[in-house]
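Reading through the structure tokens given below for one structure.
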Amino acid sequence: MPTDSPPPDDTAIPSAAAAEEPATAPSVLIVDDEEGIRNFLSRSLERRGWRVTTTGSAEDAALHLERHCVDLIILDIALPGQSGLDWLKELQAAGFGGDVILITAFADIDTAIEALRAGAADLILKPFRVEQIVSAIARCMERTRLQRENFVLRRQLAKRRGTTDEIVGRSAPILRLRALIERVAPSPSTVLIEGESGVGKELVARALHTRSHRAERPFVALNCAAVSADLVEAELFGHLRGAFTGAKEARKGLFYYAHGGTLFLDEIGELPLALQSKLLRVLEERRIRPVGGEQELPVDVRVVAATNRDLKAEVAAGRFRADLFYRLAVMTLRVPPLRERGDDVVELARRFMGVLSLRLGVPPLDIDPPLEAALIAHGWPGNVRELRNLVERALLFGEFPLEDLGLSVFVAQEGAGAEAAGGQTLAEVEKRHILAVLADCGGNRARAAALLGVSRKTLDRKWAEWGV
Numbered sequence: 049m050p051t052d053s054p055p056p057d058d059t060a061i062p063s064a065a066a067a068e069e070p071a072t073a074p075s076v077l078i079v080d081d082e083e084g085i086r087n088f089l090s091r092s093l094e095r096r097g098w099r100v101t102t103t104g105s106a107e108d109a110a111l112h113l114e115r116h117c118v119d120l121i122i123l124d125i126a127l128p129g130q131s132g133l134d135w136l137k138e139l140q141a142a143g144f145g146g147d148v149i150l151i152t153a154f155a156d157i158d159t160a161i162e163a164l165r166a167g168a169a170d171l172i173l174k175p176f177r178v179e180q181i182v183s184a185i186a187r188c189m190e191r192t193r194l195q196r197e198n199f200v201l202r203r204q205l206a207k208r209r210g211t212t213d214e215i216v217g218r219s220a221p222i223l224r225l226r227a228l229i230e231r232v233a234p235s236p237s238t239v240l241i242e243g244e245s246g247v248g249k250e251l252v253a254r255a256l257h258t259r260s261h262r263a264e265r266p267f268v269a270l271n272c273a274a275v276s277a278d279l280v281e282a283e284l285f286g287h288l289r290g291a292f293t294g295a296k297e298a299r300k301g302l303f304y305y306a307h308g309g310t311l312f313l314d315e316i317g318e319l320p321l322a323l324q325s326k327l328l329r330v331l332e333e334r335r336i337r338p339v340g341g342e343q344e345l346p347v348d349v350r351v352v353a354a355t356n357r358d359l360k361a362e363v364a365a366g367r368f369r370a371d372l373f374y375r376l377a378v379m380t381l382r383v384p385p386l387r388e389r390g391d392d393v394v395e396l397a398r399r400f401m402g403v404l405s406l407r408l409g410v411p412p413l414d415i416d417p418p419l420e421a422a423l424i425a426h427g428w429p430g431n432v433r434e435l436r437n438l439v440e441r442a443l444l445f446g447e448f449p450l451e452d453l454g455l456s457v458f459v460a461q462e463g464a465g466a467e468a469a470g471g472q473t474l475a476e477v478e479k480r481h482i483l484a485v486l487a488d489c490g491g492n493r494a495r496a497a498a499l500l501g502v503s504r505k506t507l508d509r510k511w512a513e514w515g516v
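Numbering-wise, the sequence shown is residues 49 to 516 according to the numbering used here.
Written out as structure tokens, the structure is:
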């Protein structure tokens, strides 16, 4: 028994105080066959802000885990029925993502070694003081927080390359988009973001996250097109050791790292049909099953998806599940292409100029009225991504490479606008620009796509549309 244990009382499963705690409070499951210890730990931890549930056996605890998400388990080794150590081994084999603190009144060096090998985060001997349990829990929570934070920060730093976190612009389409974001962000509903490649769909997803009650929790992004169809399931849900060839150790998935926060699935239209059904089930039941595992794990994640495809057309063609589409499209946000945003292109160019000139260590370039007109009149098939790449190349060259990008005609016309370019439509300007870049690249589509700031698939689709 704990040395300062008060008289026992009745503790429900879960306790009433736990039911009143906010959903974001850490959750603890206490598994001990001694009612006095369960009651004492429950009261002590609830006073410190944790949500607590208690059970008297491993079997009851396993039933609880089938229905609820738990951050940490305090587990007695000596239990009626299945022992705590045996259940811990089952939990680890099934891919349980939380920490387990073992408590016991009978321990020797062999028990301690077996506990650590089984995956226990700590081993505490009875009788114990409540401060020992609290300290052990605090260490586990801090380690888990740092692991998630480190994972998310590494991904964000790898992607952050001269970008801006703000939705820049004052055009009517952007003002409407901002208003919708403010309205939708507090809702827990899934959101589908539509827009061409390079318009800034991830920026919109981040804005939804930072304006929601999940803002202090992780934002994790995955480009579904960047992961092979064979590995995307393991990337999302995690996998156990030996689950497939090359799986030499167990690995947690992105749903685990996004726990309590937002998971952004870009290029959702690229998901294989077989995985679409599994994602639908996760959205409906809020549970995942790691690859190779048998136990389903509860998750608390808001999913925001994005696509540059017409998903309704994909549904009609049988390439995307209709039920998943309607589950994702609870709310749909359309991000306008850069060519529809008017003067926003100049504001964005100046913003990129400031950010990139500092990163590259070079002085910013002037954007004069003729150049402003040229930027506004350009079709921007690569949208904001293409503009950012143009500004970076300009800083490296020391001047805007207008001729290389097919923009010199606009400057020569002193900013007379799109009609000054021989009365060409934006589609014609876009085609001429892409063909010019492709010619400069010697017909290398991959290199041209990189220069334009678009994907190779986008360039191939344009090629097919033009019948070239």
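Beta carbons: idealized from backbone N, C-alpha and C, even for Gly.
Can you say whether residue i is buried or exposed, counting buried as having 16 or more other CB atoms within 10 angstroms of its CB?
{"i": "G515", "result": "exposed"}
{"i": "D158", "result": "exposed"}
{"i": "D358", "result": "exposed"}
{"i": "L194", "result": "exposed"}
{"i": "E190", "result": "exposed"}
{"i": "A186", "result": "exposed"}
{"i": "E281", "result": "buried"}
Using the C-alpha atoms, what's the distance from residue j back to residue i?
{"i": "N198", "j": "Y374", "result": "34 Å"}
{"i": "K249", "j": "E242", "result": "7 Å"}
{"i": "P419", "j": "D392", "result": "A small correction: the amino acid at residue 419 is Leu; Pro does not occupy that position in the sequence shown. Roughly 14 Å between the two C-alpha positions."}
{"i": "L76", "j": "H112", "result": "The sequence as given places Val at residue 76; Leu does not occur at that position. Taking the straight line joining both Cα atoms gives about 12 Å."}
{"i": "R289", "j": "R115", "result": "25 Å"}
{"i": "A168", "j": "V347", "result": "22 Å"}
{"i": "Q324", "j": "D147", "result": "30 Å"}
{"i": "E283", "j": "V268", "result": "12 Å"}
{"i": "L223", "j": "A364", "result": "32 Å"}
{"i": "T103", "j": "I78", "result": "6 Å"}
{"i": "L319", "j": "L331", "result": "15 Å"}
{"i": "A273", "j": "I424", "result": "31 Å"}
{"i": "F368", "j": "L328", "result": "12 Å"}
{"i": "N437", "j": "P384", "result": "19 Å"}
{"i": "P70", "j": "T192", "result": "Because P70 carries a pLDDT of 36, less than 50, the predicted location of this residue cannot be relied on, and the following value inherits that uncertainty. Each residue's alpha carbon lies about 20 Å from the other."}
{"i": "C117", "j": "R399", "result": "43 Å"}
{"i": "L279", "j": "G294", "result": "11 Å"}
{"i": "R99", "j": "K360", "result": "43 Å"}
{"i": "A322", "j": "A109", "result": "32 Å"}
{"i": "F176", "j": "I122", "result": "13 Å"}
{"i": "L225", "j": "P417", "result": "28 Å"}
{"i": "R95", "j": "T101", "result": "14 Å"}
In chain order, what residues of the same chain lie with their CB nearer than 8 Å to the CB of residue i, ignoring the 5 residues before and after it?
{"i": "R493", "result": "L486, R504, L507, D508, W511"}
{"i": "A7", "result": "The requested residue 7 does not occur in the structure, where the chain is confined to residues 49 to 516."}
{"i": "C188", "result": "L120, D147, I149, A169, D170"}
{"i": "E395", "result": "V216, G217, R218"}
{"i": "L259", "result": "Checking the displayed sequence, the identity of residue 259 turns out to be Arg instead of Leu. Answer for R259: I229, E230, A233, P234, listed in chain order."}
{"i": "A263", "result": "H257"}
Assuming residue i and residue j are in contact, meaning their beta carbons sit under 8 Å apart, how far apart are those beta carbons, in whole angstroms?
{"i": "G84", "j": "G341", "result": "At roughly 35 Å, the Cβ-Cβ gap does not stay under 8 Å, so G84 and G341 are not in contact."}
{"i": "A233", "j": "V352", "result": "Wrong, their Cβ atoms sit about 10 Å apart, outside the cutoff."}
{"i": "P338", "j": "H287", "result": "6 Å"}
{"i": "L251", "j": "L302", "result": "Wrong, their Cβ atoms sit about 19 Å apart, outside the cutoff."}
{"i": "I336", "j": "F285", "result": "5 Å"}
{"i": "L345", "j": "G145", "result": "6 Å"}
{"i": "I172", "j": "I181", "result": "7 Å"}
{"i": "A354", "j": "D314", "result": "5 Å"}
{"i": "K174", "j": "A141", "result": "Not confirmed; about 27 Å, so no contact."}
{"i": "G246", "j": "G430", "result": "5 Å"}
At a threshold of 7 Å, does residue i count as lining the ligand PLP (C-beta to nearest heavy atom)?
{"i": "I157", "result": "In terms of ligand content, the structure shown is empty, and the ligand PLP therefore cannot be addressed."}
Considering only residues of the same chain and omitting the five flanking positions on each side of residue i, which have a CB-CB separation below 7 Å?
{"i": "S405", "result": "P411, P412, L443"}
{"i": "R382", "result": "E242, G243"}
Can you name, in chain order, every residue of its own chain whose Cβ lies under 6 Å from the Cβ of residue i, other than the five neighbours on each side?
{"i": "T238", "result": "V351, L376, V378"}
{"i": "E297", "result": "R289"}
{"i": "Q130", "result": "A106"}
{"i": "D80", "result": "R86, D124"}
{"i": "L127", "result": "D81, S105, A106"}
{"i": "L499", "result": "V485"}
{"i": "M401", "result": "P412, V439"}
{"i": "W428", "result": "L386, R387, E434"}
{"i": "V349", "result": "F303, A306, L311"}
{"i": "R196", "result": "P266, Y305"}
Starting from residue i, follow its DSSP beta bridges and name the residues at the other end.
{"i": "H287", "result": "R299, V339"}
{"i": "V268", "result": "L311"}
{"i": "I78", "result": "T102, I122"}
{"i": "R350", "result": "T310"}
{"i": "D147", "result": "L120"}
{"i": "T380", "result": "L240"}
{"i": "T152", "result": "L173"}
{"i": "L438", "result": "DSSP, once it has assigned bridges, lists no residue as partnering L438."}
{"i": "L345", "result": "I336"}
{"i": "T506", "result": "Its beta-bridge partners do not exist; DSSP assigns none."}
{"i": "T355", "result": "E242"}
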